[in-house]
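The numbers in my numbering rise by one with no breaks, and the one at position 137 of the sequence shown is 231. For each residue, glycine too, the CB sits at the ideal point set by N, CA and C.
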Amino acid sequence: MTKKSKSIYTPSVIIEGFWEIPGVNYKGKNKTYRIFEKMAPAMNHDDLTEYSIKEKKEGNPHLADSILHFSIFDASYKLRNKHSQDIEGLRKFLQSSLRKYPNTSTRVVYNPQEELDNIIHNYGTPDEYILRGNFVGDDGWIRNIKHKKVLTSLLGTDNIKKINEISQWLTNTNTYLWRLNSKPLQKDEGVVGFGAYSLRLSLYCDRFPANWCPAFRVLEVK
Numbered sequence: 095m096t097k098k099s100k101s102i103y104t105p106s107v108i109i110e111g112f113w114e115i116p117g118v119n120y121k122g123k124n125k126t127y128r129i130f131e132k133m134a135p136a137m138n139h140d141d142l143t144e145y146s147i148k149e150k151k152e153g154n155p156h157l158a159d160s161i162l163h164f165s166i167f168d169a170s171y172k173l174r175n176k177h178s179q180d181i182e183g184l185r186k187f188l189q190s191s192l193r194k195y196p197n198t199s200t201r202v203v204y205n206p207q208e209e210l211d212n213i214i215h216n217y218g219t220p221d222e223y224i225l226r227g228n229f230v231g232d233d234g235w236i237r238n239i240k241h242k243k244v245l246t247s248l249l250g251t252d253n254i255k256k257i258n259e260i261s262q263w264l265t266n267t268n269t270y271l272w273r274l275n276s277k278p279l280q281k282d283e284g285v286v287g288f289g290a291y292s293l294r295l296s297l298y299c300d301r302f303p304a305n306w307c308p309a310f311r312v313l314e315v316k
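Quick look at the structure:
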């Protein structure tokens, strides 16, 4: 007899609905994360940061950086044949939520000439960490980006085929990068966020911190 695979979806009955995703590779370790049906309400990025700090301190779901976002997308994609019904529900949730232009907890600091730029993951939180490099360049489809290292700093991988396969699964489109195109005269900052519509899945690295956007909420399963 074939053993029935365990459902990974917990419906919203008494507790809040969420999907539990194993095999999420984050900071060199495979972990299990929950992603919740209810998103964080739309706020500016500073307020989202304060919200996330407070919620995580209390053991509640909180924001994720852009690398963790992609790792969760990747792990979900790998489960698509094992938990097909649950994962299809998750895929539809992610697709509709990406159309709400969610922010991540990542912010890019573009510095003037002669200075490296900073990608700040978990911006403003006790878990903040910084990756440095030159991140300015042309907007465009990720397959056409000259220096792929920027994708590793943003998503944890520069594997274009893999990124676009997941993008196609989520939204039926490929991924497009938006960023500052040249070095600024003075420091400039942009929030990293996503946005999906019929033409592309956008990876924004130039979103104004003052813009109000919602965010996904996640929680590591200890």
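Given a cut-off of 8 Å, decide if residue j and residue i are closer than it, judged by their beta-carbon atoms.
i    : j    : result
G227 : R273 : no
Y195 : G287 : yes
T198 : D159 : yes
I260 : R237 : no
T219 : T143 : yes
M137 : W306 : yes
Here's a check: name, in chain order, each residue in its chain whose Cβ is nearer than 8 Å to the Cβ of residue i, leaving out the five neighbours to either side.
i    : result
F229 : V202, Y204, D211, I213, V244, S247, R273, L274, C299
V315 : E114, K125, T126, Y127, R128
Leaving out the 5 sequence neighbours to the left and right, which residues in its chain are closer than 7 Å to residue i when beta-carbon positions are compared?
i    : result
E149 : P155, H156
D252 : K242, K243, L245, T246
L184 : W113, S170
T265 : Q189, L192, A290, L295
G250 : I161, F164, S165
Within 10 angstroms of the Cβ of residue i, are there 16 or more other Cβ atoms? Answer buried if so, exposed if not.
i    : result
A169 : buried
F302 : exposed
E188 : Sequence inspection shows Leu at residue 188; the Glu mentioned does not correspond to that position. By the 10 Å Cβ count, L188 comes out buried.
Y270 : buried
S276 : exposed
S292 : exposed
Within its chain, find whatever has a CB closer than 6 Å to the CB of residue i; leave out the 5 residues flanking it on each side and keep chain order.
i    : result
T267 : R294, L295
Y223 : H215
E131 : G111
Could you name the residues that DSSP lists as bridge partners for residue i?
i    : result
D232 : D232 pairs with nothing; no bridge assigned.
K123 : Y120
Flag this pair as touching only if the region 150–166 and the region 304–311 have three or more C-beta atom pairs under 8 Å; answer yes or no.
-> Verdict: yes, contact present.
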